[in-house]
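FYI, the numbering for the sequence shown is 201 to 355, going by my numbering.
Note that CB positions come from ideal geometry on N, CA and C, so glycine has one too.
For clarity, every value in this text was computed on a predicted model and none was experimentally measured.
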Amino acid sequence: MRILKRIAIGWLILMGANVVASLVVRKAVPTYGGEADDEVSMVASMSGIEFASTARALRSVAIVAYMGGVKLDLTRAAIVDGALISVRSIMGGAEIVVPEGWRVETTSTSFMGGVDNTTNPDSEPETAPLLVVDVTAFMGGSQIHLREAGCWPST
């Protein structure tokens with residue numbers, strides 16, 4: 201019985217620490233920008249965000265996912281060549297949906313996580329706009345893919 205009590209107390213302390221860390225992340229990382237803005241920053245801390253950009257010249261998106269997730273729809277956005285999406289995730293991640301006709305290149309640093317880029321940057325011409333996705337993941341990851349019929353995001 202004594203061991204169960206210690207486990208329960210340890211679990212409560214761990215959950216309390218996660219809530220405090222979540223609040224710190226939300227306060228420390230600025231969130232700005234809307235669907236039509238060219239620069240956006242968002243934090244998903246123990247929560248989820250669905251964001252569909254309609255920017256005309258998207259330059260940068262910063263995503264922080266702490267035990268949360270972000271679904272980013274770029275199918276109705278236009279980007280400047282070399283636009284950057286920066287994803288930082290701890291036990292969370294991001295799903296990024298891009299339209300056909302973009303070259304998507306990824307850089308990543310991961311520990312017990314990773315990046316899955318299912319687009320084919322070599323199939324697009326050199327003149328196609330370039331999107332760079334930089335991911336740092338600790339026990340989390342990101343997926344970049346083309347929009348498939350019948351799946352998120354909805355039209």
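So, helix, strand or coil for A288, using DSSP?
In the sequence under discussion, the amino acid at residue 288 is Arg, which differs from the Ala named in the question. In this structure, R288 counts as strand in the three-state DSSP scheme.
Quick check: the Cα distance between N320 and I203, rounded to an integer number of angstroms?
53 Å
Residues near I285 by beta carbon distance below 6 Å, same chain, minus five either side
Cβ-Cβ distances below 6 Å link I285 to V261, V333 in the same chain, with the five nearest sequence neighbours on each side left out; the list follows chain order.
Using CA coordinates, which residue listed in D238, K271, T327, G233 is at the minimum distance from A294?
K271
Which whole-angstrom value is the C-beta distance of I290 and G341, which I expect to be below 8 Å?
Contact doesn't hold; Cβ gap of about 11 Å is too wide.
DSSP-derived helix/strand/coil call for S323
helix
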